[in-house]
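The next block holds one structure in the form of structure tokens; read it before the comments.
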Amino acid sequence: MSQLLVNTVPQTSSPCKASIPRRRNERSHKAILQAAAELLEEKGYGEICIEAIAARAGVGKQTIYRWWSCKAAVIMEAYAAKATQDIPTPDTGSVKEDLYQILRQLFTVLTTTTAGSAVTGLIAEAQIDPNLAEAFREQFIRCRRAATHVILERGIVRGELRPDLNLELVIDAIYGPVWYRLLLKHAPLDDTFARELVNFLICGTLA
């Protein structure tokens, strides 16, 4: 089983920290995150700017920059809560079906909502910013990997998968092709791909 490595095009924007730990006015904080989430749904990641977020939230730009150092940091925090709430952990009794369902749900989110453009933009900016990359892993990737880990462990307990599997490597092999297609857009993220990917991976992990 091989792990796909994704290379992204370097960005020219300056690195930004995921957030700046200063005391926040909770009302303004919530208004800014709500504004960012609304604009993300309405316009997509590429069309959002700090000025638009500030105007929608009814605050000055400096209020935003006091707490976040760039657009990506605001968008990530605004989107992270919803993204983690939407992660399923199906338990159909079949590891193959569980993996198919979790991939199908992810594909639906990435292809029918603004999540696809948001995640693509955040991944691109994370390549030049270690702080943003760490926050992205913690707020977006970790929870989905944990849910997939549970599914694979159930498969081992039920005797469907080999007990000696390196589960972290299996998870890399599951999501590597997903991010590859999301970033390069050379092929669709659809039900056929989800099913074929699961079938391909299961062949190498069967008990």
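Its first residue numbered 1465, the sequence shown is counted upward by one per residue in our numbering.
The C-beta atom is built at its ideal place from N, Cα and C for all residues, glycine as well.
Q | Three-state secondary structure assigned by DSSP to L1653 | A | If DSSP states are grouped into helix, strand and coil, L1653 belongs with coil.
Q.
Whole angstroms are fine: how far does the CA of D1654 sit from the CA of R1645?
A. Their Cα atoms are separated by approximately 11 Å.
**Q.** Inter-residue spacing [alpha-carbon to alpha-carbon] between A1501 and D1628
**A.** When rounded, the distance between both Cα atoms is 42 Å.
Q.
Quick check on DSSP: helix, strand or coil for L1648?
A. If DSSP states are grouped into helix, strand and coil, L1648 belongs with the helices.
Q) With C-beta atoms as the reference, is G1623 less than 8 Å away from V1559? A) V1559 sits away from G1623, with the two beta carbons spaced by 8 Å or more.
Q: Give every residue of the same chain whose Cβ lies closer than 6 Å to the Cβ of L1469, excluding the five residues on either side of it in the sequence, and list them in chain order.
A: Note on L1469: pLDDT 27, under 50, position unreliable in the model; no value is reported.
(Q) What does the alpha-carbon distance come out to for the pair L1631 and R1659? (A) For the pair L1631 and R1659, the Cα-to-Cα distance works out to about 20 Å.
Q | Delimiting residues of the alpha helix (DSSP H) encompassing R1491 | A | Start and end: 1490-1507.
Q) Between E1617 and the rest of its own chain, which residues show a CB-CB distance below 8 Å, the 5 nearest in sequence each way excluded? A) Excluding positions up to five away in sequence, the list reads L1631.
Q. What number of angstroms, rounded off, separates the C-alpha of L1596 from the C-alpha of A1590?
A. Distance between the alpha carbons of L1596 and A1590: 5 Å.
Q) Just how far apart, CA to CA, sit Y1639 and T1584? A) Each residue's alpha carbon lies about 14 Å from the other.
Q.
Please tell me whether I1635 and R1609 are closer than 8 Å, where the distance is taken between their beta carbons.
A. For I1635 and R1609, yes; Cβs fall inside 8 Å.
Q: For the alpha helix (DSSP H) holding I1587, just list the boundary residues, first then last.
A: Start and end: 1579-1590.
Q: Reducing DSSP to helix, strand and coil, say where L1629 ends up.
A: L1629: coil per DSSP, three-state reduction.
Q: Can you grab the Cα-Cα spacing for the pair A1599 / C1607, in whole Å?
A: Going by the C-alpha atoms only, they are around 12 Å apart.
Q.
Taking a contact to mean a Cβ-Cβ separation below 8 Å, would you say A1544 touches Q1603 in this structure?
A. It is a contact, given that the beta carbons lie within the stated cut-off.
**Q.** Residues that DSSP places opposite L1670 in a beta bridge
**A.** Beta-bridge partners assigned by DSSP to L1670: L1625.
Q. From W1531, K1649, L1633, L1503, pick the residue whose C-alpha is nearest to that of R1520; which is it?
A. When only C-alpha atoms are compared, the closest one is L1503.
Q.
Would I1615 and T1553 be called neighbours here (beta carbons separated by less than 8 Å)?
A. Yes.
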